[in-house]
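Participant:
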Amino acid sequence: MRPAHLIAAREGLLSCHSCQLVARPPPARGQVLLRCPRCGARLHRRKPHSVARTWALVIAAAIFYIPANLLPMTVVTSLGNTQADTIMSGVIYFIQHGEWYIALVIFTASILVPVLKLLILAFLLISVQARSRWRPYDRTRMYRIMEAVGRWSMVDVYVVTILVALVNLGNLATMQAGPGAVFFAAVVVTTMFAAMTFDPRLIWDPVETDR
Amino acid sequence: MPTDRLIACHECDLLEQMEPVPAGGDARCRRCGAVLYQHKHDSLDRTLALALAALILFAVANSFPFLALEMQGLETRTTLITGVRVLYEEGCWEVAALVLLTAVLVPGIRVLGFLYLLLPLRLNRIPPGTPLLFRAILSLQNWSMVDVFMLGILVSVVKLAGMATIVPGIAVWAFALLIFALAGMNAMLDPRIVWDRLGPHS
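Here is the structure:
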């Protein structure tokens, strides 16, 4: 009986992740490094060690997330007073000043999106490891959306950069980026790499293996 | 089975025959709904035009005054990379490097790379290093964060509004337009106009 769908990997074909060329690898097996005949990118059946690498990045990001939220993003010294602001106290500052929409932007980009990203990646990894067949279409969509919105988390890093420039040069006060900013930047970068290393095709691999 | 008309979905590995798509349309995966390829009308010329516009806007955004701060009659001007410099001088080089990369270097490299690849292609020549460079440009797309930076500007201006007057410079307007030029450049590009020149696939 023919399967309902043809899957490239099951037909012995490799598709280039960069230029989408479908290539048939030579029969020689083993540790051969295959490159795309058209664009030269490394060819693999699935992204190499996708699950292990993504887990490593997710765990690293989850660890960075704690100091990113507890340590100050900015430290302002003005007339002898020192004020340290974390991500959350920045959100509260905007709420207190009635700028609730800005508070919402920062809360979403800096707190909600990274947490959701980590939860979604952990969920996808566990479902892949359990060879789940539950709603592969919806899980792929989750991955797609998560990958697309992740970069907006960077907004708080830019806010710190712009504020530091204006406040210091304008002699409003002395403002320094706190250690929280470094950890937060690390969270954004590691979660972006985690989304890149995860291979969504793994979601579909257990589907229709039994015909 | 000949492979030159085949395409595999990059999100679920479903194998399909490539069929011609009308201009402006896209081919989606039957199984997971991912966009497999799009047929973009006049892709080369439009991408090239927007890349040229982006180059000019990028130059303006990086050389003219960006945000100025006005307080008690004193005006302090900053440029786009002032924040990067101040962070670096404070010893926060990790964040400075990340901002420099994502807000200045990656967008700049991508625009220059597009021009380097597409101008000769327009004249039916393939410039040296095309495969590697085009691959790099495509994979760097997520790391070009001009639009996110603009949101950062808006938040910063609101935050400082109570303390001082912020005057936007020419560079801010160029930067805002740059967002649209870059988004258009990415949206107009059909990667197949480059890959198809390099080998298999008709």
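The listed protein sequences derive, respectively, from chains P and W.
So the first sequence is numbered by numbering that gives the first Met the number 0: it starts at 0 and just counts up by one.
So the second sequence is numbered by numbering that gives the first Met the number 0: it starts at 0 and just counts up by one.
For every residue, glycine included, the Cβ atom is placed at its ideal position computed from N, Cα and C.
Predicted model, so just to flag it, every value in this text is computed and none were measured.
Just checking, does the segment 113-124 of chain P make contact with the segment 49-60 of chain P on the three C-beta pairs under 8 Å criterion?
Facilitator: Enough Cβ pairs lie closer than 8 Å, so yes.
Participant: For the alpha helix (DSSP H) containing L177 of chain W, name the first residue and the last one.
Facilitator: Note, L177 of chain W: alpha helix (DSSP H), I169 to M187.
Participant: Comparing the C-beta of G79 of chain P with each C-beta of chain W, is any distance below 7 Å?
Facilitator: No - not a single Cβ of chain W is within 7 Å of the one on G79 of chain P.
Participant: Can you tell me the Cα-Cα spacing of L206 of chain W and T173 of chain P, whole angstroms?
Facilitator: No answer is possible for residue 206 of chain W: it lies beyond the span of chain W, which begins at 0 and ends at 201.
Participant: DSSP three-state label for D84 of chain P, please.
Facilitator: D84 of chain P falls in the strand class under three-state DSSP.
Participant: From the DSSP output, in three-state form, read off Q175 of chain P for me.
Facilitator: Looking at Q175 of chain P - three-state DSSP - the assignment turns out to be strand.
Participant: Do the segment 25-38 of chain W and the segment 6-14 of chain W meet, that is, are 3 or more Cβ pairs less than 8 Å apart?
Facilitator: These segments touch.
Participant: Mind checking who D25 of chain W pairs with in its DSSP beta bridge?
Facilitator: D25 of chain W pairs with W:Q37.
Participant: Is the Cβ of V112 of chain P closer than 7 Å to any Cβ of chain W?
Facilitator: No, no contact with chain W.
Participant: Which residues of chain P have a Cβ atom closer than 7 Å to the Cβ of F148 of chain W, listed in chain order?
Facilitator: Neighbours of F148 of chain W on chain P, chain order: Y157.
Participant: Name the two residues that bound the continuous alpha helix (DSSP H) containing A102 of chain W.
Facilitator: Where A102 of chain W is concerned, there is no enclosing alpha helix (DSSP H), given that its DSSP letter is neither H nor E.
Participant: Going by C-alpha distance, which of W:L35, W:V20 and W:L43 is nearest N123 of chain W?
Facilitator: Comparing Cα positions, the closest option is W:L43.
Participant: For Q16 of chain W, write down the residues that DSSP places opposite it in a beta bridge.
Facilitator: Beta-bridge pairing links Q16 of chain W to W:L5.
Participant: Taking any Cβ of chain P, which residues in the segment 155-167 of chain W have a Cβ under 8 Å from it, in chain order?
Facilitator: So the list reads S155, V157, K158, L159, G161, M162, A163 and I165, given in the order they occur along the chain.
Participant: Can you tell me whether DSSP reads L70 of chain P as helix, strand or coil?
Facilitator: In this structure, L70 of chain P counts as coil in the three-state DSSP scheme.
Participant: Distance check for R44 of chain P and L5 of chain P, CA to CA, integer angstroms please.
Facilitator: Approximately 15 Å, taken between the alpha carbons.
Participant: Check the Cβ-Cβ distances between Q175 of chain P and every residue of chain W, and say whether any is below 7 Å.
Facilitator: Answer yes: the Cβ-Cβ gap between Q175 of chain P and chain W drops below 7 Å somewhere.
Participant: Buried or exposed: where does A22 of chain W fall if 16 or more other Cβ atoms within 10 Å of its Cβ makes it buried?
Facilitator: The residue is exposed, with fewer than 16 neighbouring Cβ atoms inside 10 Å.
Participant: Is the CB of F192 of chain P under 7 Å away from at least one CB in chain W?
Facilitator: Taking Cβ atoms only, chain W never reaches closer than 7 Å to F192 of chain P, which makes this a no.
Participant: Given this structure, state the Cα-to-Cα distance separating A83 of chain P from M72 of chain P, to the nearest angstrom.
Facilitator: Distance between the alpha carbons of A83 of chain P and M72 of chain P is about 7 Å.
Participant: Would you decide whether H48 of chain P is buried or exposed? Buried here means 16 or more other CB atoms lie within 10 Å of its CB.
Facilitator: The residue is exposed, with fewer than 16 neighbouring Cβ atoms inside 10 Å.
Participant: Pull up the distance between the alpha-carbon of L49 of chain W and that of L177 of chain W, whole angstroms please.
Facilitator: If you take the alpha carbons of L49 of chain W and L177 of chain W, they lie about 10 Å apart.
Participant: Can you find the residues in the same chain that come closer than 6 Å, C-beta to C-beta, to P205 of chain P, ignoring five residues on each side of it along the sequence?
Facilitator: Contacts found: R130 and R132.
Participant: Give the interface partners of T75 of chain W over in chain P, defined as CB-CB distance under 7 Å, in chain order.
Facilitator: In chain order: L168 and G169.
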